[in-house]
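For the sequence shown, the UniProt record's numbering gives the first residue as 1, with consecutive numbering after it.
Using N, Cα and C, we set each Cβ at its ideal position, and we do this for glycine too.
Worksheet for the structure shown next.
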Amino acid sequence: MYSKLLVPVDGSDRAAKCLTHTIELAQKLGAKVTLMHVVPSLPPYVNTSVDRLGQAQQSIIEELMRNGKEMLEDLLSSVAGKGVDVDLYTVMGQPADEILEKARAENYDLIVIGSRGLGEIKGYLMGSVSNRVSRHASCPVLIIR
Ligand SMILES: Nc1ncnc2c1ncn2[C@@H]1O[C@H](COP(=O)(O)OP(=O)(O)OP(=O)(O)O)[C@@H](O)[C@H]1O
Ligand SMILES: [Mg+2]
């Protein structure tokens, strides 16, 4: 039933916990797992037609992409040897939109997401990304708190 699991992570402890849960689930279900990180797009008001800004923006993006990939590699090595097939995906964009689009386009069966993430402000049950993903996903969503 659940053979393709998508785990979006933002580098928070909560997101890392999602992976632990997902690996256990995947072992029982014989499912494949994709770990995904979205580098949030920079604000659109940055005027990239100015050369200096364009170059600065480009190097920030490259650094954030590298950082995201390393974060996924570290998570991957933390679950090595568990017998689960895990692949990695890093992309730039609006986190919720990218997660929703990947799940829909590649027919994932389940999204496992943290209730909160890096931006945790006390008092809210869900963050903006988990809120949007759980409301609009094309498949079931498991929220880890
Ligand atoms: N950039 C991202 N890439 C991949 N997954 C993400 C990203 N941001 C958030 N997530 C996923 O969504 C979960 C909830 O994070 P979310 O951003 O909604 O909450 P928050 O950071 O506490 O609040 P907010 O960002 O709204 O201030 C995370 O645990 C993670 O699973
Ligand atoms: Mg956040």
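Here Ile121 carries a coil assignment [DSSP, helix/strand/coil].
With a threshold of 7 Å, the Cβ atom of Val141 does not count as near ligand 2, since no heavy atom of the ligand is closer than that. With contacts defined as CB atoms closer than 8 Å, Ser115 and Leu125 qualify as a contacting pair. Straight through space, the alpha carbons of Ile143 and Leu29 are spaced by roughly 18 Å. With respect to the C-alpha of Pro95, the residue from Asp10, Asp109, Leu76 having the closest C-alpha is Asp10.
Sorted by chain position, residues whose beta-carbon lies closer than 7 Å to a non-hydrogen atom of ligand 2 are Asp10, Gly117, Leu118, Gly119, Gly127, Ser128, Val129.
With three or more CB-CB distances shorter than 8 Å, the region 82-97 counts as touching the region 32-44. Remark: the shortest separation between the CB of Arg14 and any heavy atom of ligand 1 falls under 7 Å.
With respect to Leu25, Leu5 sits close: the two C-beta atoms are nearer than 8 Å. DSSP, read as helix, strand or coil, puts Leu19 in helix.
Bridge partners of Lys4 according to DSSP: Lys32. Between the C-alpha atoms of Ile111 and Ile23 there is a straight-line separation of about 13 Å.
Not one heavy atom of ligand 1 lies closer than 7 Å to the C-beta of Pro43.
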